[in-house]
Amino acid sequence: MAAEMAALQQLHWRLEELEQRMGVGASESPKVADELVKVQVALSNIAGKRERIKILFKKIEDVIKYLDPQYIDRMAVPDTMKLQFILAEEQALPSRVSLLEQVKNLEPILDSASIQAVPDHAAKLQRLSQIQIQQQEQCEQFTDEVKMLLENYNKTTLLLSKQFVQWNEILTQLEAASEVKPTAE
């Protein structure tokens with residue numbers, strides 16, 4: 001109950017401060033404060049009559065307590081448990097220390113002019129990326145054209161080879177026929 005009263009007083013103080021900042025006269029502040037007191041009393045009466053609401057208020061306080069970032073710090077962790085944590089990580093500590101030293105040694109590189117100029121080069125890189133994409137598309141077109149030309153060349157060569165073979169056969173037959181005629185005479 002004392003905590004509720006302290007919270008109510010703090011709320012009253014904050015309300016007065018807000019009213020002063022807003023320029024509301026002192027004559028109007030008791031009205032708002034009185035209304036807040038009435039609301040607090042009504043909420044307390046409702047909470048007192050209903051068991052579920054009492055349980056809910058207790059759970060809300062627990063949740064708020066657990067959500068507090070300092071809750072873990074307030075928990076009493078025995079020294080033996082802390083020692084076990086340290087001993088469990090003992091083997092990894094030297095490697096982590098060396099990694100941390102590397103990070104500290106490389107930190108000036110992050111502050112160098114080259115790294116600071118990266119945003120300036122982003123537009124140039126974007127333009128170059130677009131050019132590269134266009135060149136890749138052109139390369140694919142050239143590849144397709146060359147492939148088609150090679151296929152046509154191969155077809156033409158094959159047809160010419162077949163034609164030469166046919167002509168060779170015809171020529172051979174004509175030569176054989178011309179040799180047969182003189183012997184027949």
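Just so we're aligned, residue 1 is where the sequence shown starts under UniProt numbering, counting upward by one. Heads up, the beta-carbon is just placed ideally off N, CA and C, and yes, glycines get one too.
Exercise. Could you tell me the distance, in whole angstroms, from the CA atom of M1 to the CA atom of E107?
Key: Stepping through the sequence shown from its first residue, residue 1 is reached at position 1. Stepping through the sequence shown from its first residue, residue 107 is reached at position 107. M1 and E107: Cα-Cα distance of roughly 55 Å.
Exercise. In angstroms with no decimal places, state the Cα-to-Cα distance between Q135 and S129.
Key: By 1-based counting over the sequence shown, the position of residue 135 is 135. By 1-based counting over the sequence shown, the position of residue 129 is 129. Cα to Cα, the separation comes out at about 10 Å.
Quiz item: For A117, which three-state DSSP category applies?
Solution: Position 117 of the sequence shown, counted from the first residue, corresponds to residue 117. Coil.
Self-check item: Other residues of its chain near V57: CB distance less than 8 Å, five sequence neighbours each side excluded
Solution: As a first step, residue 57 is located in the sequence shown; it is residue number 57 there, counting from the start. Reading off the sequence, residue 57 comes out as Phe, not Val. Hits under 8 Å: A47.
Quiz item: When you compare only the Cα positions, how much space is there between K147 and L159?
Solution: For the purposes of this step, residue 147 is taken as residue 147 along the sequence shown, with counting starting at 1. For the purposes of this step, residue 159 is taken as residue 159 along the sequence shown, with counting starting at 1. Approximately 18 Å between the Cα atoms of the pair.
Quiz item: In whole angstroms, what separates the C-alpha of F164 from that of T172?
Solution: Within the sequence shown, numbered from 1, the residue matching residue 164 stands at position 164. Within the sequence shown, numbered from 1, the residue matching residue 172 stands at position 172. Taking the straight line joining both Cα atoms gives about 12 Å.
Quiz prompt | Spatial distance of A184 from I170 (CA atoms) | solution = Translated into the one-based positions of the sequence shown, residue 184 becomes position 184. Translated into the one-based positions of the sequence shown, residue 170 becomes position 170. Reliability fails at A184, whose pLDDT of 49 lies under 50, so the model's placement of it is uncertain and no value is given.
Self-check item: Coil, strand or helix - P108 by DSSP
Solution: Counted from its first residue, the sequence shown places residue 108 at position 108. In this structure, P108 counts as helix in the three-state DSSP scheme.
Quiz item: So what's Q70 in DSSP terms, helix, strand or just coil?
Solution: Residue numbering aside, residue 70 sits at position 70 when the sequence shown is read from its first letter. Three-state DSSP puts Q70 in coil, outside helix and strand.
Practice problem: Look at A42 and H12 and say whether their C-beta atoms are less than 9 Å apart. | Solution: The count along the sequence shown starts at 1 and reaches residue 42 at position 42. The count along the sequence shown starts at 1 and reaches residue 12 at position 12. Contact: no.
Practice problem: Measure how close the beta-carbons of L15 and L36 come, nearest whole angstrom, since I'm counting them as under 8 Å. | Solution: Your numbering for residue 15 matches position 15 in the sequence shown. Your numbering for residue 36 matches position 36 in the sequence shown. Going by Cβ atoms, the distance from L15 to L36 rounds to 7 Å, so yes, they are a contact pair.
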